[in-house]
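Residue numbers (UniProt numbering), protein chains in the order written: chain R, 1 to 733; chain D, 1 to 134.
Every residue gets a Cβ at the ideal spot worked out from N, C-alpha and C, and that includes glycine.
Keep in mind it's a predicted model, so treat the numbers as computed, not measured.
Scroll down for the structure; my scribbles are underneath it.
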Amino acid sequence: MQKELLHLFIEDSPIEIGVFDTNMNFISCSKLWCKKLGLASEEVIGKSYYQIFPETTEEIRKIHEYCLKGSFISFEGEKTILPSGKIQWLNFKINSWEKEKGKVGGLIIVCEDISNKRNEDEYRLKAQKVANIGGWEVNLITNEVYWTNITKELHEVSENYVPALEEAVSFYKEGYHREKIVALVSEAISDGTPWDTELLIVTAKGAEKWVRVIGKVEYVNNKAAKITGTFQDIDSKKKAEINYQEILLRHNVATKTASIGVWDYDLASQELSCDENTYLLYEADLSGFGNTYDAWKRSVLQEDRDRVIKEMDFAIQHRVEFNTEFRIRLKNGRIKYIKSIAQVHKYPDSIETKMIGANWDITEFKHTELKLIKRKESFLGVFNNSSVGMALIGLDGSWLKINKSLCASLGYTKEELMELTFQDITHPDDYITDLSLLDKLTLGEIDQYQIEKRYFHKKGHIVYVILSVTKVSKIDGGLSHFISQVVDITSRKEAENKVRAVLKITADQNESLTNFAHIVSHNLRSHSTNLSMLTGFLINETDKEERENLIRMLNDSSESLDETISHLNEVVSVKLNVLGKLEGVKIIDVFDNVRKSVAALLKENDAILNVQIPKEYIISAVPAYVESILLNLLTNSVKYCSSKRRLVVDIKARRERDKIIVSFSDNGLGIDMKRHQNKIFGMYKTFHKHKDSKGIGLFITKSQIEAMNGKIEVDSSVDVGTTFTLYFNSYKK
Amino acid sequence: MNKIHSACIIDDDPIFVYGTKRIMKDVDFCEEIHVFENGLDAIEELNRLRVAKEKLPKLIFLDLNMPIMNGWEFLDDFQKIPRHIREGVIIYIISSSIDPRDIERVKTYDIVSDYILKPVTPKDLQNLLEELAE
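Have a look at this one:
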């Protein structure tokens, strides 16, 4: 009974307990232990301990043997491998029991499962290892220092390094860090103040490393006995933090300098927080801003408010960039232009969603922009409405833009002119000058130039202009385009040309008057000297025959004088009688008259006449002069025809601008141009030994045609023929 | 006074030629007188004489205004005759022109000795003979 009670007591015991005989066979075992072992009690009772725990160490066996001699032993932390293979950490209490007085009946073994506790310790160590947290301890009585392995690793010393107190301190970086740790330790010893600080050490290998050092004093009998603490590597974290601080500082400096305000808006709480710069931007007190988001909304100008809020809502909803400009009204009523850019951010580990943005003052920019627009508008106004022709010209010489005045000056529509280049309408003689200046402008040798040049009007006539070209640079200094200003000076130029022409006529007439005076004096003197000479001879001549001869010569001479005077009269009348007598003359009609009057002469000489004069050609002329000119040229052709060939005269007329040009070619004797070029039209110049040559016809012809504001040119080759080219003015009503 | 061996008149005015020839005879100016109506006839004759290696005339009276080839052109062509051949030929311009431009132009020709304004008087010829004698 007593034995059964005992069994019952053992079996139901809430601890792991077993009763063994001297052979270490289970007599009894608590159900709890059986359960832990994963066996039924029948499988355990009667079995040997060593059968159940085959891994039992020799040491334990010896303890069992020792206890069987009647001793009590308790020991901790024995690692036991269960039949299931699971590892268990156990605390053992082993005692013997007496079968009879003084005779050991066996052992009672109690074991306590400390696996969980043990595991926690192991995890803690592992965690420390992973977090690079080492431990340390200073015994204040012996001044001995103890470092855990991790602490040693952090100092980069070997595992068997034993630090002295001074040495431990000397690892801290000289200066602030070392002084700080000494101060903390001293304070801890004197006041018991614990510390938790971050300092820089220099490891045994010379590397600098940030560490977190925690220390706390332990007391024994109210006396500081030791300081224990941890030692943690926070280098990368600390460096990241320092780096972050630097970036933040730089960011702050940057935003402050640039007056960029930064704000964030919490979408959930609808709270807007702003940095100092933003407040400065809105010129609002930090205190008086109230609900910042509402205050911001109020500050936005009414006209912009709905739009900005709409844009912001859109950005939030669609997670896109918020990028806008709006105006705010400041307390003092002034308007500021604000540019704001923002983006919605969602932090990965947070439900919190924020819109973070920046805003800054663009008032000055806006004002400049407005000014620029105004300037552009006023330039455009000037450009379009100027009475001066203006054009913007690209670097390739093409028109970029032209105004009405330019089109009007040149007679083209805008569309027509845009199709052309300035080269197309420039007078060929002015093209090189203009182009070389444009090249200089392009090369930067000059900034602008001004020239007088000629363009061609759409109708073909010349347009005189003063052209000013200025270059326009881009922001980077390169060339953008040119501005040309074209002042039409055609009317001025025409007047100038008229004056010049009048001057030239005057000069020419002076010249011809001088010549004429000399011709007159020469010719008259020739005759007068002859007359006086002949009369001188006559007075003294006695021979009758000779006297008659002299009188005949006197008669001839006075006849020549008469003829000369009539020539001179003719010339003078040509010079005098033209003004106001010019009329429309149908050139073909005049020519037909001439042909009739020389028909007999032509027939006699068997001449061929080819005439190509359009009927509609009407010239501005004196009809009698035209007749005289044509008659003179035609009779000249007959007079100086070649005996070697049949005379052919070609007469052609063509129109060139406002001139009608008649060419008059024969295949006669021709004139040596090299010798006589300058005197062909001179008075009393003859080139052929012909009885009728008086040297007066071409002189009169030239005078007549010039009197009608035309001109005559000649080209000739000896024994080939002569071509006279007559320039008449086309008749204008 | 030594009279000149041969003189030559280049002028297209027959009355002037007649008068001059007559004065020359009166003052016993020269042995031979050649007359040409224009410069071309004269230069052709001079060239003929040159080729024939005959003597050129000692004196030439040259008019300026003539048809075909005037006095200026004659001077230009005369200068083309090699210097050693034309050396010793004395040229006088005889003209009615009082145009200063003509007188200036005459000065540019080294081969021209002087400019005599028409008409030629017996005094002119006597002075000339005196000059030649010196």
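Given this structure, state the Cα-to-Cα distance separating Met-1/R from Leu-8/R, to the nearest angstrom.
Along the first sequence, one-based indexing puts residue 1/R at 1. Along the first sequence, one-based indexing puts residue 8/R at 8. With a pLDDT of only 44 at Met-1/R, under 50, the local geometry of the prediction cannot be trusted, and no value is derived from it.
Does DSSP put Gln-448/R in a helix, in a strand, or in coil?
Reading the first sequence from its first residue, position 448 is the one you call residue 448/R. It is a strand residue.
Starting from Asp-650/R and walking both ways along the beta strand (DSSP E), at which residues does that stretch end?
Against the first sequence, residue 650/R aligns to sequence position 650. Counting along the chain, the beta strand (DSSP E) containing Asp-650/R begins and ends at 648 to 656.
Inter-residue spacing [alpha-carbon to alpha-carbon] between Val-502/R and Lys-711/R
As a first step, residue 502/R is located in the first sequence; it is residue number 502 there, counting from the start. As a first step, residue 711/R is located in the first sequence; it is residue number 711 there, counting from the start. Distance between the alpha carbons of Val-502/R and Lys-711/R is about 15 Å.
Which residue comes first and which comes last in the beta strand (DSSP E) that contains Asp-113/R?
For the purposes of this step, residue 113/R is taken as residue 113 along the first sequence, with counting starting at 1. Residues 103 to 113.
What does the alpha-carbon distance come out to for the pair Asp-556/R and Ile-15/D?
The count along the first sequence starts at 1 and reaches residue 556/R at position 556. The count along the second sequence starts at 1 and reaches residue 15/D at position 15. Cα to Cα, Asp-556/R sits roughly 9 Å from Ile-15/D.
Please decide whether Arg-552/R counts as near chain D, where near means a Cβ-Cβ distance under 8 Å.
As a working mapping, residue 552/R is identified with position 552 in the first sequence. No, no contact with chain D.
Identify the residues that DSSP records as bridge partners of Ala-391/R: which are they?
By 1-based counting over the first sequence, the position of residue 391/R is 391. The partner list for Ala-391/R (beta bridge, DSSP) reads Ile-402/R, Ser-484/R.
Can you list, in chain order, the residues of its chain whose CB lies under 6 Å from that of Ile-328/R, leaving out five sequence neighbours each side?
Taking the first residue of the first sequence as 1, we reach residue 328/R at position 328. For Ile-328/R, where only same-chain residues beyond five positions count, the Cβ hits under 6 Å are Ser-299, Val-300, Lys-336, Ile-338.
Reference Asn-530/R; option with closest CA among Gln-126/D, Lys-118/D, Leu-128/D:
Taking the first residue of the first sequence as 1, we reach residue 530/R at position 530. That would be Lys-118/D, whose Cα lies nearest to the Cα of Asn-530/R.
Given a cut-off of 8 Å on the beta-carbon distance, is the pair Thr-470/R and Ile-451/R in contact?
Along the first sequence, one-based indexing puts residue 470/R at 470. Along the first sequence, one-based indexing puts residue 451/R at 451. Their beta carbons are not under 8 Å apart, which means Thr-470/R does not touch Ile-451/R by this criterion.
Burial state of Leu-128/D (16 or more Cβ within 10 Å)
Start at 1 with the first residue of the second sequence, and residue 128/D comes out as number 128. Result: buried.
Along the stretch 532 to 544 of chain R, what residues have a CB closer than 9 Å to any CB found in chain D?
Ser-532, Met-533, Leu-534, Gly-536, Phe-537
Where the alpha helix (DSSP H) through Ile-378/R begins and ends:
Here residue 378/R corresponds to residue number 378 of the first sequence, with the count starting at 1. The sequence given here places Ser at residue 378/R; Ile does not occur at that position. Ser-378/R -> alpha helix (DSSP H) spans 363 to 385.
Can you tell which of Ile-108/R, Glu-58/R, Ser-642/R has its C-alpha closest to the C-alpha of Asn-25/R?
Within the first sequence, the letter at position 25 stands for residue 25/R. The shortest Cα separation from Asn-25/R among Ile-108/R, Glu-58/R, Ser-642/R belongs to Ile-108/R.
Where does Met-1/R sit, in a helix, a strand or coil, going by DSSP?
Indexing the first sequence from 1 puts residue 1/R at position 1. Residue confidence for Met-1/R is low, a pLDDT of 44 falling below 50, so the modelled location carries little weight and cannot support an answer.
Under 8 Å between C-beta atoms of Phe-322/R and Ala-342/R
Counting from one through the first sequence, the residue named residue 322/R turns up at place 322. Counting from one through the first sequence, the residue named residue 342/R turns up at place 342. Result yes, Cβ atoms of Phe-322/R and Ala-342/R sit closer than 8 Å.
Which whole runs of the beta strand (DSSP E) in the stretch 461 to 516 of chain R are 3 residues long or more, in chain order?
462 to 473, 479 to 488
Determine, using beta carbons only, whether Ser-643/R comes closer than 8 Å to chain D.
Here residue 643/R corresponds to residue number 643 of the first sequence, with the count starting at 1. Taking Cβ atoms only, chain D never reaches closer than 8 Å to Ser-643/R, which makes this a no.
By a C-beta neighbour count over all protein chains shown, 10 Å radius and 16 as the cutoff for buried, is His-64/R buried or exposed?
Your numbering for residue 64/R matches position 64 in the first sequence. Under this definition His-64/R is a buried residue.
Are there three or more Cβ pairs, one per stretch, closer than 8 Å when the stretch 8 to 27 of chain D is compared with the stretch 553 to 567 of chain R?
yes
Check each candidate in Leu-125/D, Glu-131/D, Phe-74/D, Arg-101/D and name the one with the smallest Cα separation from Ile-111/D.
In the second sequence, the residue the question calls residue 111/D occupies position 111. Of the listed residues, the one whose Cα sits closest to Ile-111/D is Phe-74/D.
For Ser-386/R, collect the residues of the same chain with a Cβ closer than 7 Å to its Cβ; drop the 5 residues on either side in sequence, then sort them by chain order.
Counted from its first residue, the first sequence places residue 386/R at position 386. For Ser-386/R, where only same-chain residues beyond five positions count, the Cβ hits under 7 Å are Asn-403, Ser-405.
Buried versus exposed, by CB contacts within 10 Å (16 or more), Leu-64/D
Locating residue 64/D in the second sequence gives position 64, where the first residue counts as 1. Classification of Leu-64/D: buried, given that the 10 Å Cβ count is 16 or more.
Can you check whether the C-beta of Arg-525/R is within less than 8 Å of a C-beta belonging to chain D?
As a working mapping, residue 525/R is identified with position 525 in the first sequence. Closer than 8 Å: yes.
Between the stretch 1 to 19 of chain D and chain R, which residues of the former have a C-beta closer than 7 Å to a C-beta of the latter?
Asp-13, Ile-15, Phe-16, Tyr-18, Gly-19
Would you decide whether Phe-728/R is buried or exposed? Buried here means 16 or more other CB atoms lie within 10 Å of its CB.
Taking the first residue of the first sequence as position 1, residue 728/R is located at position 728. Buried, since its Cβ has 16 or more Cβ neighbours within 10 Å.
Run of the beta strand (DSSP E) containing Gln-232/R, from where it starts to where it stops
For this step, residue 232/R is matched to residue 232 along the first sequence. Taken as a continuous stretch (DSSP letters only), the beta strand (DSSP E) holding Gln-232/R covers 223 to 233.
Rounded to a whole number of angstroms, what is the C-alpha to C-alpha distance between Ser-560/R and His-527/R?
Residue numbering aside, residue 560/R sits at position 560 when the first sequence is read from its first letter. Residue numbering aside, residue 527/R sits at position 527 when the first sequence is read from its first letter. Rounded to the nearest angstrom, the two C-alpha atoms are 7 Å apart.
Could you work out which residue in Gln-485/R, Cys-274/R, Lys-35/R, Thr-426/R is closest to Asp-113/R when comparing CA atoms only?
Here residue 113/R refers to the residue found at position 113 of the first sequence. Here the closest residue by C-alpha is Lys-35/R.
Check the Cβ-Cβ distances between Lys-118/D and every residue of chain R, and say whether any is below 8 Å.
What you label residue 118/D is simply residue 118 of the second sequence in a count that begins at 1. Yes, its Cβ sits closer than 8 Å to a Cβ of chain R.
Whole-angstrom Cβ separation of Tyr-449/R and Leu-441/R, contact assumed at under 8 Å?
Within the first sequence, numbered from 1, the residue matching residue 449/R stands at position 449. Within the first sequence, numbered from 1, the residue matching residue 441/R stands at position 441. Right, their Cβ atoms sit about 6 Å apart.
Classify Leu-272/R: buried if its beta carbon has 16 or more other beta carbons within 10 angstroms, exposed otherwise.
Taking the first sequence and counting its residues from 1, the one referred to as residue 272/R is at position 272. Result: buried.
Would you give the residue range spanned by the alpha helix (DSSP H) that Gly-39/D belongs to?
Locating residue 39/D in the second sequence gives position 39, counting from the first residue. Element bounds for Gly-39/D: 39 to 51.
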